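Student: Quick one: structure below, then a few questions.
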Amino acid sequence: MADETVPGGESLAALLHEQRRFEPPAAFAAQANAQPGIYEEAAADRLRFWEQQAERLEWGQRWERVLDWELPFAKWFVGGKLNVSVNCVDRHVAAGLGERVAFHWEGEPGDTRTITYADLQRMVCQAANALESLGVRAGDTVAIYMPMLPETVAAMLACARIGAPHTVVFGGFSAEALAGRIQDCDARVVITADGGYRRGAPSGLKPAVDEALQSCPNVRSVLVVRRTGQDVAWQEGRDVWWHDLVERQPTTHEAQLFDAEHPLYIMYTSGTTAKPKGILHTSGGYLTHVSATHRLVFDIKPEQDVFWTAADIGWVTGHSYIVYGPLANGTTSVMYEGTPDTPARDRWWQIVERYKVTILYTAPTTIRTFMKWGEQHLEGHDLSSLRLLGSVGEPINPEAWMWYRRHVGGERCPIVDTWWQTETGGIMISPLPGITATKPGAAMRPLPGISADVVDDQGRSVGNGQGGYLVLTEPWPGMLRGIWGDPERYRQTYWSRFPNWYFAGDGAKRDEDGDIWLLGRVDDVMNVSGHRISTTEVEHALVGHPAVAEAAVVGASDPTTGQAIVAFVTVKGEAADDPSAGAVLVGELRNHVAKEIGPIAKPRQIILTPELPKTRSGKIMRRLLRDVAEHRELGDVTTLMDPTVVNMIGEKLAQTP
Ligand code: WTA
1 MADETVPGGE
11 SLAALLHEQR
21 RFEPPAAFAA
31 QANAQPGIYE
41 EAAADRLRFW
51 EQQAERLEWG
61 QRWERVLDWE
71 LPFAKWFVGG
81 KLNVSVNCVD
91 RHVAAGLGER
101 VAFHWEGEPG
111 DTRTITYADL
121 QRMVCQAANA
131 LESLGVRAGD
141 TVAIYMPMLP
151 ETVAAMLACA
161 RIGAPHTVVF
171 GGFSAEALAG
181 RIQDCDARVV
191 ITADGGYRRG
201 APSGLKPAVD
211 EALQSCPNVR
221 SVLVVRRTGQ
231 DVAWQEGRDV
241 WWHDLVERQP
251 TTHEAQLFDA
261 EHPLYIMYTS
271 GTTAKPKGIL
281 HTSGGYLTHV
291 SATHRLVFDI
301 KPEQDVFWTA
311 ADIGWVTGHS
321 YIVYGPLANG
331 TTSVMYEGTP
341 DTPARDRWWQ
351 IVERYKVTIL
361 YTAPTTIRTF
371 MKWGEQHLEG
381 HDLSSLRLLG
391 SVGEPINPEA
401 WMWYRRHVGG
411 ERCPIVDTWW
421 QTETGGIMIS
431 PLPGITATKP
441 GAAMRPLPGI
451 SADVVDDQGR
461 SVGNGQGGYL
471 VLTEPWPGML
481 RGIWGDPERY
491 RQTYWSRFPN
501 WYFAGDGAKR
511 DEDGDIWLLG
521 RVDDVMNVSG
531 HRISTTEVEH
541 ALVGHPAVAE
551 AAVVGASDPT
561 TGQAIVAFVT
571 VKGEAADDPS
581 AGAVLVGELR
591 NHVAKEIGPI
601 AKPRQIILTP
611 ELPKTRSGKI
621 MRRLLRDVAE
631 HRELGDVTTL
641 MDPTVVNMIG
651 EKLAQTP
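In terms of UniProt numbering, the sequence shown has 46 at position 46, counting the first letter as 1, and numbering is strictly consecutive.
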């Protein structure tokens with residue numbers, strides 16, 4: 001790979017010369033859950049290692065075999081039976097921990113709730129009874145479109161309890177996107193809220209559900225939590241309030257056992273085509289993976305720790321490290337509904353101080369935002385409870401890593417940079433905080449029980465100091481079991497680039513010590529503020545607008561969001577030549593994308609241009625457009641049909657705000 005730039009502006013060459021090392025503090029290392037030797041132990045017998053992790057859960061029936069592997073289809077803990085919600089809630093209550101706090105919940109306006117494990121058990125049982133009363137049976141899918149509320153967790157666990165796979169759709173997605181997901185997995189019941197609080201104001205969710213359901217005739221019930229008290233349209237016979245139905249249910253519910261491979265949830269994520277993929281996760285292996293990694297990577301001591309994953313439940317990070325991993329481990333977590341600058345830019349630090357958070361897990365984009373706002377917002381807050389920090393979602397640049405360490409971690413907290421994906425279910429590559437001497441910006445090594453490699457085009461393992469593609473070379477318990485309804489796409493997407501390995505879609509480099517640095521996506525997927533968005537999906541939305549002839553979308557590096565969406569558009573008619581019509585159209589197109597996909601997919605810039613750079617065979621040269629968008633020297637333009645086009649586009653870009 002040529003010298004590239006990673007978010008934050010550092011170049012790869014600079015990364016490889018990173019000399020700083022941070023040893024785990026001795027006191028931390030001495031008490032850590034993961035002790036030296038764990039790597040060797042797992043390497044000696046990988047399946048036995050995972051079996052030991054599975055033994056930490058409560059099974060109604062033990063498995064017969066740890067793994068059945070018929071590439072690319074895996075079954076873990078074959079023949080085993082368990083109930084995921086019992087593992088996350090009931091067993092802790094049965095062990096006498098009912099009064100332990102599961103969630104310190106804080107709403108954006110400042111309202112708070114304390115949910116103990118006993119409270120959560122009652123909520124989950126009531127919700128499970130309610131879903132059954134709506135006719136939901138094992139195997140039926142349920143869509144959840146919610147703000148960050150305790151009810152959101154209860155809804156997910158209630159689904160798990162009755163064996164109904166949930167699909168949680170992030171509240172920032174549009175009605176259109178919600179409808180597509182409901183249709184794809186054929187959900188018949190939707191759980192939502194009137195709205196949630198964002199940036200100091202109520203923000204509606206129910207209207208988007210109403211709009212989505214116009215194209216989802218199979219949905220028969222909508223269960224609505226009252227959160228904001230906003231006026232909502234109501235369809236009698238279909239819509240039912242949570243407080244009317246759920247809160248009247250019995251607070252006990254007998255849970256059935258389900259097979260280890262019973263579907264737990266579907267999470268839609270962007271791929272390289274316009275249609276998002278429904279990533280399927282199942283029960284026993286997934287819960288084993290997320291609880292084990294939560295315990296080892298975050299060094300969880302459930303009696304003492306207050307854990308905060310500051311992410312939305314609508315993403316996989318929320319599923320694995322707000323809900324399933326922490327609850328399986330009996331952890332006390334913080335859950336916060338809103339944005340970090342409401343009402344002021346020290347909101348997070350107030351929360352850390354108030355609940356004495358010990359472990360904070362967030363994304364580099366947020367850290368860079370805090371850097372931009374300045375460290376004065378942290379000053380005056382007592383952050384001394386923190387003992388460990390985590391990062392996820394995109395490569396963390398050394399500058400942000402050092403800032404995180406210094407200003408949030410007070411130079412004393414180890415940082416774990418955790419690489420994983422929706423597809424992997426849980427963390428795959430990360431330091432272990434009591435063992436690893438960390439390097440600012442490196443995810444370091446595959447976890448015990450995980451096998452990964454960096455390979456070249458031909459699938460040859462690269463040496464130290466070399467870059468290539470990240471692959472996972474052995475199945476792992478939390479791995480996706482497929483793409484909902486599309487086994488062929490599963491094979492094609494992940495298992496065809498290299499015949500025997502999982503292709504992650506990320507570039508990576510091994511440094512001189514053999515440690516792994518992640519470099520970002522190598523496919524058409526952008527990473528904007530830690531959210532995966534496909535270039536094709538945005539292009540598809542743009543060309544759906546009547547004024548657009550053609551669109552090419554690239555992810556350009558951005559100092560705060562990692563990547564930003566830049567769209568090059570050729571338009572029909574006059575708009576291209578008339579600057580005032582052009583400006584109006586650009587505004588319209590940005591809103592159009594927000595409507596089709598969601599506000600997170602709004603391009604930072606839309607450049608109207610009479611032509612796009614194409615090869616002689618008519619392929620749009622996105623690589624060149626990325627160079628243009630990042631104001632880089634252009635690479636090889638000789639294969640272009642008309643090399644003058646790029647210069648013209650560059651000039652257009654310079655004129656575009
Ligand atoms: C990127 C989020 C570098 C990567 C859990 C991956 C990372 C995609 C890291 C998955 C990290 C995630 N360092 N890159 N620590 N963590 N990524 O599915 O490109 O939303 O393929 O899962 O985010 O994003 P997803």
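In this text, a Cβ means the ideal position worked out from N, Cα and C, and glycines have one as well.
These numbers were taken from a predicted model, which means no experiment stands behind them.
In chain order, what residues of the same chain lie with their CB nearer than 6 Å to the CB of V66, ignoring the 5 residues before and after it?
Tutor: Mapped onto the sequence shown, residue 66 falls at position 66. For V66, where only same-chain residues beyond five positions count, the Cβ hits under 6 Å are L47 and E51.
Student: Determine the direct distance from the alpha carbon of D511 to that of R626, and round the result to whole angstroms.
Tutor: Your numbering for residue 626 matches position 626 in the sequence shown. Your numbering for residue 511 matches position 511 in the sequence shown. Taking the straight line joining both Cα atoms gives about 27 Å.
Student: Please determine, among A541, A556, E247 and I565, the residue with the shortest C-alpha to C-alpha distance to H592.
Tutor: Sequence index remark: in the sequence shown, residue 592 carries index 592 (1-based). Of A541, A556, E247 and I565, the residue nearest in Cα terms is A541.
Student: Using the rule of at least 16 other Cβ atoms within 10 Å of the residue's Cβ for burial, across every protein chain shown, is D184 buried or exposed?
Tutor: Counting from 1 along the sequence shown, the entry for residue 184 is found at position 184. Classification for D184: buried.
Student: Tell me whether L386 sits in a helix, a strand or coil according to DSSP, three-state version.
Tutor: Counted from its first residue, the sequence shown places residue 386 at position 386. In the structure shown, L386 sits in coil (DSSP, three-state: anything other than H, G, I, E or B).
Student: Am I right that E151 and V225 are in contact with their C-beta atoms under 8 Å? What's the rounded C-beta distance?
Tutor: Along the sequence shown, one-based indexing puts residue 151 at 151. Along the sequence shown, one-based indexing puts residue 225 at 225. That pair is a contact at about 5 Å.
Student: Who are the near neighbours of D186 in its chain, counting only those whose CB is closer than 8 Å to its CB and skipping five residues on each side?
Tutor: Mapped onto the sequence shown, residue 186 falls at position 186. Excluding sequence neighbours, D186 sits near T141 and N218.
Student: Starting from E588, follow the alpha helix (DSSP H) in both directions and report where the run begins and ends.
Tutor: In the sequence shown, the residue the question calls residue 588 occupies position 588. First-last of the alpha helix (DSSP H) with E588: P579 to E596.
Student: Short of 7 Å in beta carbon distance, which residues of its chain neighbour E132, apart from the five on each side in sequence? Order them along the chain.
Tutor: Looking up residue 132 in the sequence shown gives position 132. Excluding positions up to five away in sequence, the list reads I162.
Student: Using a Cβ-based criterion (distance less than 7 Å to any ligand heavy atom), does Q421 qualify as near the ligand WTA?
Tutor: Numbered from 1 along the sequence shown, position 421 holds the residue referred to as residue 421. Flag set: Cβ of Q421 near the ligand WTA.
Student: Taking a contact to mean a Cβ-Cβ separation below 8 Å, would you say M526 touches Q563 in this structure?
Tutor: Reading the sequence shown from its first residue, position 526 is the one you call residue 526. Reading the sequence shown from its first residue, position 563 is the one you call residue 563. In contact: M526 and Q563 (Cβ atoms closer than 8 Å).
Student: Return helix, strand or coil for R65, following the three-state DSSP convention.
Tutor: Along the sequence shown, one-based indexing puts residue 65 at 65. DSSP places R65 in strand when its eight states are reduced to three.
Student: How big is the Cα-Cα spacing for H631 and P613?
Tutor: The sequence position of residue 631 within the sequence shown is 631, counting from 1. The sequence position of residue 613 within the sequence shown is 613, counting from 1. C-alpha separation (whole angstroms): 16 Å.
Student: Assuming P477 and T342 are in contact, meaning their beta carbons sit under 8 Å apart, how far apart are those beta carbons, in whole angstroms?
Tutor: For this step, residue 477 is matched to residue 477 along the sequence shown. For this step, residue 342 is matched to residue 342 along the sequence shown. With a Cβ gap of about 38 Å, P477 and T342 do not count as contacting.
Student: Residue 658 and W501: beta carbons closer than 8 Å?
Tutor: With the chain covering 1 to 657 only, the question about residue 658 has no answer from this structure.
Student: At a threshold of 7 Å, does E539 count as lining the ligand WTA (C-beta to nearest heavy atom)?
Tutor: On the sequence shown, residue 539 is found 539 positions in, with the first residue counted as 1. False, no ligand heavy atom lies under 7 Å from that Cβ.
Student: Between the segment 341-355 and the segment 285-300, do at least 3 Cβ pairs fall closer than 8 Å?
Tutor: no
Student: Please report the distance separating the alpha-carbon of Y265 from that of R387.
Tutor: Translated into positions along the sequence shown, residue 265 becomes position 265. Translated into positions along the sequence shown, residue 387 becomes position 387. Here the alpha carbons of R387 and Y265 stand approximately 32 Å from one another.
Student: Three or more beta-carbon pairs under 8 Å between the segment 245-262 and the segment 75-85, yes or no?
Tutor: yes
Student: L432: which of E633, G482, F298 and I649 sits nearest, CA to CA?
Tutor: Working through the sequence shown from its first residue, we reach residue 432 at position 432. That would be F298, whose Cα lies nearest to the Cα of L432.
Student: Tell me whether S557, by its Cβ, gets closer than 7 Å to a heavy atom of the ligand WTA.
Tutor: Start at 1 with the first residue of the sequence shown, and residue 557 comes out as number 557. Because no heavy atom of the ligand WTA lies under 7 Å away, the Cβ of S557 does not count as near it: no.
Student: According to DSSP, simplified to helix, strand and coil, what is K572?
Tutor: Locating residue 572 in the sequence shown gives position 572, where the first residue counts as 1. Note: K572 maps to coil in three-state DSSP.
Student: Would the segment 112-129 and the segment 372-388 be scored as touching if the rule is three or more Cβ pairs under 8 Å?
Tutor: no
Student: Are the segment 270-277 and the segment 165-172 touching, with three or more C-beta to C-beta distances below 8 Å?
Tutor: The segment 270-277, when compared against the segment 165-172, does not touch it at the 8 Å Cβ threshold.
Student: Heavy atom of the ligand WTA less than 7 Å from the Cβ of V316, yes or no?
Tutor: Numbered from its first residue, the sequence shown carries residue 316 at position 316. Yes, Cβ of V316 sits closer than 7 Å to a heavy atom of the ligand WTA.
Student: Under the criterion of a Cβ to heavy atom distance below 7 Å, does S291 qualify as lining the ligand WTA?
Tutor: As a working note, residue 291 is residue 291 in the sequence shown. Outside the cutoff, so no.
Student: Counting beta carbon pairs with one atom in the segment 579-586 and one in the segment 641-653, are three or more of them shorter than 8 Å?
Tutor: no
Student: Is any non-hydrogen atom of the ligand WTA found closer than 7 Å to the C-beta of L518, if you look at the structure I gave you?
Tutor: Here the question's residue 518 lines up with position 518 in the sequence shown. Checking every heavy atom of the ligand WTA against the Cβ of L518, one is found closer than 7 Å.
Student: Terminal residues of the continuous beta strand (DSSP E) containing K75?
Tutor: Along the sequence shown, one-based indexing puts residue 75 at 75. Residues F73 to V78.
Student: May I ask which residues mark the beginning and end of the beta strand (DSSP E) holding V528?
Tutor: Taking the first residue of the sequence shown as 1, we reach residue 528 at position 528. Counting along the chain, the beta strand (DSSP E) containing V528 begins and ends at V525 to V528.
Student: Are the CB atoms of P364 and G393 nearer to each other than 8 Å?
Tutor: Locating residue 364 in the sequence shown gives position 364, where the first residue counts as 1. Locating residue 393 in the sequence shown gives position 393, where the first residue counts as 1. A contact, by the Cβ cut-off of 8 Å.
Student: Is it a yes or a no for the segment 451-467 touching the segment 240-247, going by three-plus beta-carbon pairs under 8 Å?
Tutor: no
Student: Just mark Q249 as buried or exposed, buried being the case when its beta carbon has 16 or more other beta carbons within 10 Å.
Tutor: What you label residue 249 is simply residue 249 of the sequence shown in a count that begins at 1. Per the 10 Å Cβ criterion, buried.
Student: Within 10 Å of its beta-carbon, does H17 have 16 or more other beta-carbons around it, so buried, or fewer, so exposed?
Tutor: One-based indexing of the sequence shown puts residue 17 at position 17. By the neighbour-count rule (16 or more Cβ atoms within 10 Å), H17 is not buried but exposed.
Student: My assumption, with CB atoms under 8 Å, is that P25 sits in contact with R354. Please give the rounded CB distance.
Tutor: By 1-based counting over the sequence shown, the position of residue 25 is 25. By 1-based counting over the sequence shown, the position of residue 354 is 354. Between P25 and R354, the beta carbon gap of about 25 Å keeps them out of contact (Cβ cut-off 8 Å).
Student: List the endpoints of the continuous alpha helix (DSSP H) containing T192.
Tutor: On the sequence shown, residue 192 is found 192 positions in, with the first residue counted as 1. Taken as a continuous stretch (DSSP letters only), T192 belongs to no alpha helix (DSSP H), being part of the beta strand (DSSP E) at V189 to A193.
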